[in-house]
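Visitor: One structure, as structure tokens, below. Some questions next.
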Amino acid sequence: PGLHPPAPARQIRALRRNMRIITLGFSIALLVTVAWLENIEITKDAGTEIRARRYYVVDSHGTDRALLGINDDGSSGLSLLDKHEQILAAIGSDPNGTSVLSMYDSRGKMRTMMGVGPTGTMLSMHGAAGVSRASLEVQNDGVPLLHMKDSDGHPRAQLMADDMGTPSLTYFSNNRKILLNLWAHDDAPYGLQLWSTRNDPGVSLVLESDGRPVLSLAGAELSSRIWAGIDENGRPSMAMVGKGRPVWSAP
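Mapping of the sequence shown onto the numbering used here: position 63 corresponds to residue 117, and the numbering continues sequentially without gaps.
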């Protein structure tokens, strides 16, 4: 009585909806690997037009320094190479509407990638091993996400603001399960969640808009089992729920 469960449901739905971790579907292979074309057919139209599937630009030593071409799958790209024919920069697109600009170091490892795809835009920064360690995304619904990643490129921390403007900070395990989530609404409860191995929030500590704290211990399927907090009259309260029904409360 007088004690209300925390209301993180909207935040949980937004978090899960926006856990599309770096899934813009950019094809790095499009920019890095370009097969040599055995037979290039070139046609000329009145001396003003040249058509071909692949063009190579070479320096005075005959070394390939740039390549413009289209692959059998319909993807196209422009690659710039150094004097050792090592890729330095590339821009490309695929038939699905994804376009990518990437830059590489002297060892041919990708260090920066910018892209626009069907789900939004992304900037990815890579370490010396060529693995993405940080990325910034803006999805088509306007939701911005910042990801910090481990040495395998798996997201371990995410900072975002959902479509309602609610900021949140989320930590992930090495198998991409949520461990901890911290959020804050402008005019609603804000708090902290600890997530279970089932990828559900097992413990929630929420401060209501009037400053009252509420602690919730949840069971499976987000079903709160124990609530403890301060009611509207300033009294400590506790409630237990079983199978969706209150079974005990105090006072």
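From the three backbone atoms N, C-alpha and C, an ideal C-beta is built for every residue, glycine too.
Per DSSP, W293 is paired with what?
Guide: The question names Trp, yet the displayed sequence has Ala at residue 293. DSSP output for A293 lists W281, S303 as bridge partner(s).
Visitor: Among residues of its own chain, excluding the 5 on either side of H279, which ones have a beta-carbon nearer than 6 Å to its beta-carbon?
Guide: Reading off the sequence shown, one finds Arg at residue 279, where the question assumed His. Excluding sequence neighbours, R279 sits near L271, G273, V295.
Visitor: Leaving out five residues on either side along the sequence, give the residues of the same chain with a beta carbon under 7 Å from the beta carbon of S250.
Guide: Same-chain partners within the cutoff: G256.
Visitor: In three-state terms, what does DSSP make of D118?
Guide: Strand at D118.
Visitor: Looking only at C-alpha atoms, which of W281, D285, N287, S291 sits nearest to R318?
Guide: Because residue 318 is not part of the residues shown, which for the chain are 55 to 305, the question remains open.
Visitor: Three-state secondary structure (DSSP) at V112?
Guide: Here V112 sits in strand by DSSP.
Visitor: Are R105 and I124 closer than 8 Å when you measure CB to CB?
Guide: No. Outside cutoff.
Visitor: What are the uninterrupted segments assigned as beta strand (DSSP E) that are 3 or more residues long and contained completely in the segment 137-196, given in chain order?
Guide: If we require 3 residues or more, the beta strand (DSSP E) runs fully inside the segment 137-196 come out as 141-147, 153-158, 164-171, 174-180, 186-193.
Visitor: Going by alpha carbons, who is nearest to G139 out of S160, S129, D126?
Guide: It is Glu, not Gly, that sits at residue 139 in the sequence shown. Ranking the options by Cα distance to E139, first place goes to S160.
Visitor: Alpha carbon to alpha carbon, how far is K297 from S303?
Guide: Answer to the nearest angstrom: the Cα atoms are 15 Å apart.
Visitor: When the distance is taken between beta carbons, is S129 closer than 8 Å to G151?
Guide: No.
Visitor: Is it buried or exposed for P209, if we count other Cβ within 10 angstroms and need 16 for buried?
Guide: Looking at its Cβ environment, which holds 16 or more other Cβ atoms inside 10 Å, P209 is buried.
Visitor: DSSP three-state call for G131: helix, strand or coil?
Guide: Strand.
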